[in-house]
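Residue numbers (the numbering used here), protein chains in the order written: chain E, 1 to 492; chain L, 1001 to 1490.
Report on the structure given below.
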Amino acid sequence: MSASTYKLSATRLNRLFAAGELSAVEITESVLQRIEKVEPRVGAFLTVTAERALERARKLDGRRKGGDTEIGLLAGVPVAVKDNMCTEEVRTTCGSKILGGYVPPYDATVVERLRGSGAIIVGKTNMDEFAMGSSGENSAYGPVRNPWDLNRVPGGSSSGSAAAVAAEEVPLSLGSDTGGSIRQPAALCGIVGMKPTYGYVSRYGLVAFASSLDQIGPFARDVEDCARLFEVIAGPDRRDSTNANRTPHTIKFGGEPSLKGVKLGVPKEYFAAGIDPEVKARLEEAISQLQALGAEVDECSLPHTEHALAAYYIIAPAEASANLARFDGVKYGHRAENAAGMLEMYGKTRAEGFGPEVKRRIMIGTYALSSGYYDAYYKKAQQVRTLVMRDFEAAFSKFDALVTPTSPIPAWGLGEKTDDPLTMYLADVCTIPVNLAGVPGISVPCGFAGGLPVGMQLIGKHFDDHKLLQYAWAYEKVTTHTQARPSLEGGL
Amino acid sequence: MTTKWETVIGLEVHVELSTHTKVWCSCKNEFGAEPNTNVCPVCAALPGALPVLNAEALAYTVKTGLALGCEIPHYAKFDRKNYFYPDSPTNYQISQLDLPLCRNGHVEITTADGNTKQVRIGRIQLETDAGKLLHAGDDVAEAHSSLVDFNRAGVPLIEIVSEPDMRSAEEALLYLTKLRAIVKYCGVSDVKMEEGSMRCDVNISIRPAGAEKYGTRAELKNVNSFSAVARGIEYEVRRQIAILEAGGTVDQETRSWRDAKGISVTLRSKEEAEDYRYFPEPDLPPIVLTDEEIDRVRQSLPELPDSIIHRLMNEYGLSAYDASIIVAEKELAEWFDRAVALAGAANAKTVANWQINEVNRVMNLKGLGPDQIPVSPEQVAGMLKLLEKGTISGKIAKTVFEKMIESGKDAETIVKEEGLTQVADEGELLKIALEIVSANPKVVEDWKSGKATAAQWFVGQMMKATRGRANPQLAMKLVTEALEKFTGQA
């Protein structure tokens, strides 16, 4: 076993395992050592399932030695899972006190699929409570730190999953993206992160934040790994009625990277006021490189973009206010002690169990759905959502994909925006419209701004996820950004 | 001046569908299982679990709608109704707000005076039943703890909402009876109020007769039997009229019926009414039904009560009211059809009379349900054969009927064992007639003086002497013969 096994890509680890050159135990031990070494600085994990992972690795090794020729796409590959996806017998907290001791009796569909592909789950990652947040600071279990600068945030809400991959603790992880929670931390941590088309990946077992927007997706350090994990998790599942019943394309990478004949649109609204000049410069460079690859690039407009954020902050909290109603102390999770009656038990349990951002959104959502306000807020927001969708439809009648910044700004300092939720919400301004429209989006590293990673977002048509991956791969091949690794430094 | 008042009633009826599995998961849908044994991540609302619509529940709802003459829209959707209560594991109910599965149906009722009337059904929606709470203590307010059983959580429930078309407790009961029959004929529910598979909320208001505007309504909950519906309505009507006649106004409120005390009490006022914050259910796509799919359900419909009522009226000459009584319960109608098949169509009216006057009387007396009819069609048809042949008299038939119920034996066996055969031996009966006549000279004198009832009296005595077994016509003939003989001799 080489000391740097943990640094290898998932694709490479899978090949070495299949060839018998690396055992699953060797891979897992290397990864666990890395986790042990850097976790005190990064804080990406809430639960490391070292014993389970090793046991699983031994089984995989046994099967391979026993002549099992069916080697899954992720056989021998360690994967981390965001703590809002249910794992049988392993606690699943959603970064919340209210689910502090909660151990699910079943696996989420994506977790089943990971196991089916031979992956080794090494732990559950930290996150903004119930996936509400853009910095990772809303976890009840402490913040995650950005591996590129430990004094800065990694982005959120899939903060731990992004940081764990960026810090080379695992080659792959799963996140969930409701308004940018995969793509934004991927951008801030300098890795690849994708939100698939709504309905491509089953939500069964994903603790719901906003059901009509939530989608599970992959984090990886390169596009090929990202595609591999996507292929494993996407596909039909009868347990999720919003699942599109689509089997993903098998994506083959190789040959000369080219974007000949590909039409790319650059929506001007995504480069408006508020964008960091260096981020803008990196994007402009990236666009030149896309053109150099043969893409036809043109400016376009998504005129309702400015209203998307407001619509999102009605729709998502409205759904959340109902989705989070089940956490009441009756069935599972935290229950307040010494409550005088039922109503007091409900009130105390939820007051103690939820953090401030979750409470804020439950209140916003409850208010927006209230009698007399529904038409002004929820209904209006749904109308805006339709207009946002039409913007994309119109753009996709001319373009194969759109190019935007993933986040208008690079990673900011820990604690810098925690007192100003509205400014924090603006960090998702480029990613939220994609969730409202249900289309796929991928963030790929496109350079640095003041030493901090910058991400480029590619947005595609419904179920064009494979095309986005191919475009991203071509771009990655002619740049070196995905090869950069953080130093894990910064004052601590 | 005294105002005449009109009662206006609308009913919201909840019916649990008897699907094999629950509406959003594959847990068994069964009544009376050990608490919390039919529970899974979905119906216990564990984090991350998602609902999947049970196709059988959808088909049952559409079937009920079609049987009630509803339109089935091609597009329907589900909504979340938000409220906190421990029997609801999600703390919201999946229901249907503005696009239900069925709309604009009706139920035809026939009152005792033979008038028919249409009660309109505004909508039928498919929704989720809640679990059951068990309180440690007599009353929820005093309970120191409560337990939850989620077996019922996630059982499919349909809510059938009538328009305010009923004008009396009688009409409300006729509507409920007919509705229950139709649902039961469809085979989509066992509609047992006592087991909670049929539940009913009653909206009641009062207005001056002839007024166009409805009065302010009160919604009555916890009416758990047909008789409670009737008592509840009557109480509410008295209460509201008393308020109005005293110059007051009726409050819009939800009231709870206390059946034991025969009163209703305020549950919540309009101001306290909950805001359910409905919004479209994001976990379930809208339902799109094609004409072919709706037709497939239509073809699965059985013969329905209205059609049976018309058949009984046309083929057997039954009155609309009698037919509707027989059809009120599927089992009673099946019983009737079987008995008529055995006894012959010519005897259909007799079968109906026996069923309505005797069978139903005994069932009411003993509190038997429609699945507990105490006498078989074979038994009653056999009895009617004996009656037709003259083997037994009408009076004996009643005795035989009682004994059939007691013993379960057929009529012929009972008549044989008990020696209940009609005495038709003229010689023997004449002997008895002569004995009676000679023993009652006073009545003979009456007869001689032309008193018409005297002969009847002698026939009565003959019946007594033969324990009812004498053929009545024959007895009359022989009494006359004996009187003539006796007076001729004297």
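C-beta atoms are modelled at their ideal positions from N, C-alpha and C, and glycine is treated no differently.
Amino acids of chain L, ordered along the chain, whose beta-carbon sits closer than 9 Å to that of residue 207 (chain E): Against chain L, a Cβ distance below 9 Å from residue 207 (chain E) picks out 1047, 1048.
Residue 265 (chain E): first and last residue of the uninterrupted beta strand (DSSP E) it sits in: Where residue 265 (chain E) is concerned, the enclosing beta strand (DSSP E) stretches over 263-267.
Beta carbon of residue 1160 (chain L) nearer than 8 Å to that of residue 1013 (chain L): yes
Partner residues on chain L for residue 337 (chain E), Cβ-Cβ distance less than 8 Å: None at all; the shortest Cβ gap to chain L is about 14 Å.
Contact with chain E by residue 1312 (chain L), beta-carbon distance below 8 Å: no
Partners in chain L for residue 99 (chain E), counting only beta-carbon separations shorter than 8 Å: 1047
Inter-residue Cα distance where the pair is residue 995 (chain L) and residue 1354 (chain L): With chain L covering only 1001 through 1490, there is no way to say anything about residue 995 (chain L).
Where residue 104 (chain E) meets chain L, residues with beta-carbon distance less than 9 Å: 1041, 1046, 1047, 1048
The segment 397-411 of chain E in contact with the segment 187-198 of chain E per 3-pair CB rule at 8 Å: yes
Own chain residues within Cβ distance below 7 Å of residue 178 (chain E), not counting five before or after: 131, 209, 210, 213, 214, 316, 435
The segment 1170-1181 of chain L touching the segment 1141-1157 of chain L, judged by at least three CB pairs closer than 8 Å: no
Through-space distance from residue 48 (chain E) to residue 398 (chain E), alpha-carbon basis: 47 Å
Contact with chain L by residue 330 (chain E), beta-carbon distance below 8 Å: yes
Whole-Å CB distance - residue 1092 (chain L) paired with residue 1080 (chain L), under 8 Å assumed: With a Cβ gap of about 4 Å, residue 1092 (chain L) and residue 1080 (chain L) count as contacting.
Contact belief for residue 456 (chain E) with residue 286 (chain E) at Cβ below 8 Å, rounded distance in angstroms: That belief holds up - the Cβ atoms of residue 456 (chain E) and residue 286 (chain E) are roughly 5 Å apart, short of 8 Å.
Residue range of the unbroken beta strand (DSSP E) whose run includes residue 1190 (chain L): Run containing residue 1190 (chain L): none; DSSP gives neither H nor E here.
Proximal residues to residue 1223 (chain L) (C-beta, below 7 Å), its chain only, five neighbours per side dropped: 1200, 1202, 1229, 1232, 1257
Those residues which DSSP pairs with residue 1127 (chain L) across a bridge: L:1157
Inter-residue CB distance, residue 339 (chain E) and residue 345 (chain E) (contact presumed, cutoff 8 Å): 4 Å
Min CB distance residue 1080 (chain L) to chain E below 8 Å: yes
Runs of beta strand (DSSP E) lying entirely within the segment 174-217 of chain E, each at least 3 residues, in chain order: 192-195
Through-space distance from residue 475 (chain E) to residue 251 (chain E), alpha-carbon basis: 16 Å
Members of the segment 1089-1110 of chain L near chain E, C-beta cut-off 8 Å: 1089, 1090, 1091, 1092
Any chain E beta carbon closer than 8 Å to residue 1148 (chain L): yes
Nearest-angstrom Cα separation, counted from residue 127 (chain E) out to residue 432 (chain E): Cα to Cα, residue 432 (chain E) sits roughly 18 Å from residue 127 (chain E).
Pick from E:330, E:205, E:171, E:133 that is closest to residue 27 (chain E), judged by C-alpha positions: E:171
Chain E contact residues for residue 1052 (chain L), given Cβ-Cβ distances below 7 Å: Proximity of chain E to residue 1052 (chain L) at the Cβ level (cut-off 7 Å) is accounted for by 238, 239, 241, in chain order.
First through last residue of the alpha helix (DSSP H) which encompasses residue 300 (chain E): Element bounds for residue 300 (chain E): not the alpha helix (DSSP H) but the beta strand (DSSP E), 296-300.
Chain L within 8 Å of residue 491 (chain E), Cβ atoms only: Confidence at residue 491 (chain E) is low in this model, with a pLDDT of 49, below 50, so the placement of that residue should be treated as unreliable; the coordinate-derived value is given next. So, not an interface residue.
Cβ neighbours of residue 440 (chain E) in the same chain (closer than 6 Å, five flanking residues each side left out): Excluding residues up to 5 positions away in sequence, 196, 197, 460, 465, 468 lie with their Cβ nearer than 6 Å to the Cβ of residue 440 (chain E) in the same chain.
Test: residue 1058 (chain L) CB closer than 8 Å to a CB of chain E: Using a CB distance cut-off of 8 Å, residue 1058 (chain L) does not count as an interface residue toward chain E.
Rounded straight-line distance, which links the Cα of residue 15 (chain E) to that of residue 69 (chain E): Approximately 13 Å between the Cα atoms of the pair.
Three-state class that DSSP yields for residue 1150 (chain L) in the structure shown: Under the three-state reduction of DSSP output, residue 1150 (chain L) falls in the coil class, being neither helix nor strand.
Backbone CA spacing between residue 448 (chain E) and residue 152 (chain E) [nearest angstrom]: 15 Å
Below-8 Å beta-carbon distance, residue 1286 (chain L) vs any chain E residue: no
Neighbour flag for residue 1129 (chain L) against chain E, beta carbons, 8 Å: no
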